[in-house]
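Protein chains in written order, with the working numbering: chain P, 15 to 729; chain H, 97 to 255.
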């Protein structure tokens with residue numbers, strides 16, 4: 015984790031006024047109808063769910079016995095709505111059905127930096143467990159007073175505190191709280207239950223939001239309807255570097271019921287129907303000037319190599335020169351990865367309502383608390399007077415952190431004097447996406463006569479450094495990174511880039527695990543034995559062996575013409591080993607992925623079904639960037655604007671997927687939304703090599719690139 | 097402007113609208129049925145799928161005049177008296193969703209497909225669903241859910 019480039023919030027120090035004071039929180043609790051407020055101060059400075067509030071996780075036990083969890087995390091499909099509820103239910107001794115989740119509401123929930131980086135279960139979950147453990151202690155304390163028995167004699171079960179000496183004597187939580195606000199500070203340390211005492215966590219549990227999502231009841235931001243609300247469509251440039259030369263709004267203004275707004279660079283049409291607003295927008299006559307493009311998707315890699323900021327050393331051990339002198343074989347490879355889009359099914363959407371000095375925002379965002387700050391600043395309001403509510407988010411994958419659409423809706427709501435919804439079109443979604451950055455990785459490595467890796471010299475350009483440190487035993491190693499996944503402050507990228515599911519790692523694991531396979535083949539060894547002979551990390555050995563056992567075939571020195579590949583990684587504490595079987599049609603260049611086996615050690619597993627679903631999702635989404643997805647552009651113009659040319663994975667691509675959860679309850683739960691997507695490039699590239707003896711160094715491995723590589727190889 | 101009448105989830109509706117407007121927006125805004133989703137606007141993703149006379153159509157490509165006199169069903173119309181349709185039940189049972197944005201379209205697509213082919217093979221399910229996109233990657237579960245639904249619907253009919 016060291017030296018990583020984290021996604022930074024827009025302000026280094028969110029304004030103090032956004033903090034909820036204890037008094038304010040109690041006031042809000044009062045509005046909600048009372049309950050127990052347990053204050054938890056989390057001192058772990060490494061936690062991402064850090065302050066600025068002085069208490070961090072909230073839960074409330076209502077007069078009806080229902081338990082509400084307040085979390086600044088949001089639900090975008092990754093399933094924390096269920097896993098967090100499970101953790102809370104277990105710790106508090108209540109059924110899962112009695113837990114309500116309030117997520118991503120800046121008025122009701124404690125501050126949170128954002129939902130990304132597979133951190134919710136790992137960090138917020140730990141905080142929540144602690145909060146629930148303390149609430150449990152408070153309830154037992156109160157019951158002890160009520161039943162006049164020592165607290166040690168009391169147990170909890172199914173929302174009740176029970177006298178273990180006389181099980182007829184019990185008191186439900188609801189009777190203890192009686193709908194009042196009960197404030198308790200627990201300074202003495204209370205430990206959450208050990209994993210062995212969890213009865214809800216660890217079991218496959220259906221998603222608690224499933225019913226809402228199959229009936230159409232689930233509300234996304236675009237489903238918010240307010241009296242007088244207008245839908246806004248915004249005039250967009252044809253390219254990021256285009257300059258507006260002239261604009262004529264007269265025809266647009268003639269559309270019945272339309273309101274045309276121009277405020278500096280913001281030109282929009284508003285209507286009570288979104289399609290009518292679009293019709294009016296299409297009537298705007300506009301002239302743009304676009305500079306001659308300097309770079310496109312073919313020249314981007316040279317451009318990046320030339321534009322890179324100075325290198326930052328990520329890790330360094332031993333001496334590369336020494337290692338090179340020991341090497342009998344040396345290997346030098348250049349790995350390339352293109353820009354890819356997040357392409358969530360729900361485009362960016364926001365609704366903003368301004369009433370006097372207060373604003374309410376509904377936004378599809380991974381960062382509601384940043385949105386609160388940004389809207390407050392843009393509208394000149396106090397952050398506490400801006401409430402951001404996050405309904406269900408229709409996919410994020412790292413792409414919904416910037417809140418551009420929220421600011422647009424806020425500006426237009428103020429100008430129109432009415433509630434405004436901004437819902438991007440798919441074209442806008444592709445245009446303003448913060449793409450996963452195109453990246454170049456140079457690897458030089460060497461083997462000695464005994465087939466040991468003696469040096470590893472790794473230069474990463476613009477991928478981001480996550481997962482770039484080798485976990486193999488290599489005496490002499492150096493890893494350097496230039497530019498992060500946010501661009502590293504350079505202007506090298508012709509448009510915005512940002513975190514994309516497993517940021518940095520998708521490119522790094524592709525490079526690292528391809529290079530390992532190249533060396534394994536050169537050493538005349540099968541890729542599994544070669545890896546294991548360089549691995550002392552026990553967790554990695556275990557996941558590799560678990561995957562190999564499930565995969566069921568013996569590996570041999572590649573190429574074997576069988577199309578078997580493997581790749582593994584340690585993604586921020588989650589260990590993944592993936593194995594795949596592919597068929598390559600050498601004539602068409604089409605790769606058919608037949609089977610993918612993935613073993614994962616994610617520490618304690620809260621919701622096995624949820625973890626498997628995330629792994630499957632990673633594998634399927636991974637096939638997209640590995641086989642087809644690539645943003646084509648000329649200068650600031652994005653050529654791919656919809657799913658006709660930008661191909662997402664489909665049902666017909668489906669390999670047989672098998673997942674193995676390596677049980678490791680001794681380690682607290684780790685993230686699982688991202689890890690398994692990161693080895694997908696290497697596992698398929700290695701399987702392709704095994705199938706046809708041709709090595710691909712560039713993602714995606716499109717049919718055209720496969721054919722080209724075959725020709726090059728035979729020529 | 098024209099008067100357009102159709103049956104929506106079993107109830108008659110009559111609208112005075114520009115008949116060229118797309119059914120998607122009429123449903124989502126004029127009629128406030130938000131289960132139907134905008135995903136691409138060009139008929140490339142299937143999120144806007146609804147049933148017109150039991151057949152799955154892309155509502156973002158269907159002018160409202162095309163459903164005059166027809167029976168339109170959206171995802172809100174599938175459950176009867178609070179009881180989920182077997183396809184919905186199967187999606188819940190298999191956790192065949194993540195973000196849930198593509199789910200209504202997928203369920204309605206499956207509905208129309210199973211009406212035509214009540215005992216499909218896995219390959220037939222995959223082929224029939226191929227134009228519906230799911231970015232979260234729930235495909236494995238969705239195929240299982242459609243298989244389970246087919247089984248239950250068949251049993252239901254026999255029983």
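Even for Gly, the Cβ is constructed at its ideal location relative to N, Cα and C. Just so you know, these numbers come straight off a predicted model, no measurement behind them.
Asked, Found
"Are residue 535(P) and residue 575(P) close, meaning C-beta to C-beta below 8 Å?", "no"
"So, at 8 Å on beta carbons, what are the nonlocal neighbours of residue 319(P) in its own chain, with the 5 sequence-adjacent residues on each side left out?", "454, 475"
"Which one of 369(P), 583(P), 87(P) has the shortest CA to CA distance from residue 431(P)?", "369(P)"
"Who does residue 260(P) pair with in a DSSP beta bridge?", "301(P)"
"Specify, as a first and last residue, the run of the beta strand (DSSP E) that residue 585(P) falls within.", "578-585"
"Is DSSP giving residue 694(P) helix, strand or coil here?", "helix"
"Have a look at residue 501(P) and residue 165(P) and give me their C-alpha separation to the nearest angstrom.", "56 Å"
"For the alpha helix (DSSP H) holding residue 527(P), just list the boundary residues, first then last.", "519-536"
"Could you check the C-alpha separation between residue 622(P) and residue 90(P) for me, to the nearest Å?", "19 Å"
"Hey, is residue 242(P)'s beta-carbon within less than 8 Å of any beta-carbon in chain H?", "no"
"Kindly list the residues whose CB is nearer than 8 Å to the CB of residue 269(P), restricted to its own chain and excluding five residues on each side of it in sequence; keep chain order.", "283, 285, 290, 293, 294, 297"
"Going by the DSSP bridge assignment, what does residue 252(P) pair with across the sheet?", "None; residue 252(P) has no bridge partner."
"Quick check on the burial criterion: 16 or more other C-beta atoms within 10 angstroms. Buried or exposed for residue 227(H)?", "buried"
"If contact is defined by three or more beta carbon pairs under 8 Å, each pair taking one atom from either stretch, is the region 530-548 of chain P in contact with the region 457-475 of chain P?", "yes"
"When the Cβ atoms of the region 201-213 of chain H are set against those of the region 179-191 of chain H, are three or more pairs found closer than 8 Å?", "yes"
"Does the beta-carbon of residue 654(P) have 16 or more other beta-carbons within 10 angstroms, so that it is buried, or is it exposed?", "buried"
"Could you name the residues that DSSP lists as bridge partners for residue 102(H)?", "109(H)"
"From this set, 459(P), 313(P), 402(P), which residue's C-alpha is nearest residue 452(P)'s C-alpha?", "313(P)"
"Can you tell me which residues form a DSSP beta bridge with residue 470(P)?", "459(P), 491(P)"
"Assign residue 215(H) to buried or exposed, taking buried as 16 or more other Cβ atoms, counted over all protein chains shown, within 10 Å of its Cβ.", "exposed"
"Any beta-carbon of chain P closer than 8 Å to the one on residue 236(H)?", "yes"
"Taking three-plus beta-carbon pairs below 8 Å as touching, is the region 402-410 of chain P in contact with the region 234-242 of chain P?", "yes"
"Taking the alpha carbon of residue 76(P) as the point to measure from, which residue in 131(P), 134(P), 186(P) has its own alpha carbon closest?", "186(P)"
"Ordered along the chain, which non-local residues of its own chain (more than five positions away) have a Cβ less than 6 Å from that of residue 626(P)?", "673"
"For residue 265(P) and residue 272(P), I'd like the C-alpha separation in whole angstroms.", "11 Å"
"Going by C-alpha distance, which of 506(P), 691(P), 579(P) is nearest residue 639(P)?", "691(P)"
"Using C-beta distances below 6 Å, list every residue in its chain close to residue 166(H), excluding the 5 sequence neighbours before and after it, in chain order.", "102, 148, 149"
"Could you pull out every unbroken beta strand (DSSP E) segment of at least 3 residues lying fully inside the region 68-125 of chain P, listed in chain order?", "72-75, 81-85, 113-117"
"Looking at the ligand GDP, does it come within less than 7 Å of residue 186(H), judged from the CB to the closest heavy atom?", "By its list of ligands, the structure shown contains no ligand whatsoever, and the ligand GDP lies outside what it can speak to."
"Can you pull the chain H neighbours of residue 671(P), defined as C-beta to C-beta under 8 Å?", "236"
"For residue 399(P), which residues in the same chain have their Cβ closer than 6 Å to its Cβ, ignoring the five residues on either side in sequence?", "371, 372"
"Kindly say whether residue 630(P), judged by its beta-carbon, lies nearer than 8 Å to any beta-carbon of chain H.", "yes"
"In terms of residue numbering, what span does the beta strand (DSSP E) encompassing residue 588(P) cover?", "588-599"
"Thinking residue 738(P) and residue 605(P) are a contact (beta carbons under 8 Å), I'd like their distance in whole angstroms, please.", "Residue coverage of chain P in this structure runs from 15 to 729, which leaves residue 738(P) outside it and unanswerable."
"Compare the C-alpha of residue 609(P) against each of 602(P), 597(P), 620(P), 603(P) and name the closest.", "597(P)"
"Any residues in the region 153-177 of chain H with a beta carbon nearer than 8 Å to a beta carbon of chain C? Which ones, in chain order?", "Among the protein chains of the structure shown, namely P and H, there is no chain C."
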